[in-house]
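These notes concern the structure reproduced below.
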Amino acid sequence: MITLEGPAARVLSAYTHLMVERGIRGATLEGVAARAGLSKSGALHHFASVSALQAALFIELRAQARRDADEMRTAPEGVVRYYIVSSLDRDSELELLIEAAYRIAQTGHEAALEVLRECRREWLDVLAAATGDERLARMVLFAGDGMNHNALMDLPVGEDVLTPEHVEELIVAFEAMQSGGTAA
Numbered sequence: 001m002i003t004l005e006g007p008a009a010r011v012l013s014a015y016t017h018l019m020v021e022r023g024i025r026g027a028t029l030e031g032v033a034a035r036a037g038l039s040k041s042g043a044l045h046h047f048a049s050v051s052a053l054q055a056a057l058f059i060e061l062r063a064q065a066r067r068d069a070d071e072m073r074t075a076p077e078g079v080v081r082y083y084i085v086s087s088l089d090r091d092s093e094l095e096l097l098i099e100a101a102y103r104i105a106q107t108g109h110e111a112a113l114e115v116l117r118e119c120r121r122e123w124l125d126v127l128a129a130a131t132g133d134e135r136l137a138r139m140v141l142f143a144g145d146g147m148n149h150n151a152l153m154d155l156p157v158g159e160d161v162l163t164p165e166h167v168e169e170l171i172v173a174f175e176a177m178q179s180g181g182t183a184a
């Protein structure tokens, strides 16, 4: 859910989706405007340049990551389970924003790298506070990253390493480590 409204939200959403689908070269102002259902000048009315779109994407990513961290803190299922399960979500606006920011970061764009680092620090802080163990928090973070990567690959049946059973086993193992026990 992009926090902007109206045509500006449509333009930012179009830019985000084009970044994910086509990369930095494919997310042109013309393409963004067309996807948003506007003329190029209409898109430029809301964002004067690709740099302005990138800045808006980073602001939106920070806001959504902050909301996500807040949801993690109060998740009834627990922080570890929330983080692991949400790592499988490939279609949320937050995941699209992260992927778009990664595409920008791959060009060496320092602001993109910094916003991604900020998001990661916030999630790690929430995990560390919840688990009481920085090492376990990092393990959960890295497991979630790996799961997210594998979900992105959309592996064919038979190569699926992210079955519900595997995910549950991993969560149970982390929860056992958190409580000082052993996984069954």
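Start counting the sequence shown at 1; every next residue gets the next number (UniProt numbering). The beta carbon of each residue, even a glycine, is placed where N, CA and C say it ideally should be. None of the values given here were measured: they were computed from a predicted structure.
- The alpha-carbon separation between Asp125 and Ser179 amounts to approximately 18 angstroms.
- Taking all protein chains in view, the Cβ of Gly6 is surrounded by fewer than 16 other Cβ atoms within 10 Å, so the residue is classified as exposed.
- A distance below 8 angstroms between beta-carbons, with the five flanking residues on each side excluded, links Val11 to the following residues of its chain, in chain order: Val32, Ala33, Ala36, Leu38, Ala43, His46, Phe47, Leu53.
- With respect to the 8 angstroms criterion, Leu29 and Val50 are classified as neighbours on the basis of their beta carbons.
- Relative to the Cα of Leu97, the nearest Cα in the group Gly146, Ile84, Asn150, Ala112 belongs to Ala112.
- In the structure shown, the three-state DSSP call for Arg81 is helix.
- Only exposed fits Val172, as fewer than 16 other CB atoms lie within 10 angstroms of its CB.
- Rounded to the nearest whole angstrom, the C-alpha separation of Ala63 and Thr16 is 15 angstroms.
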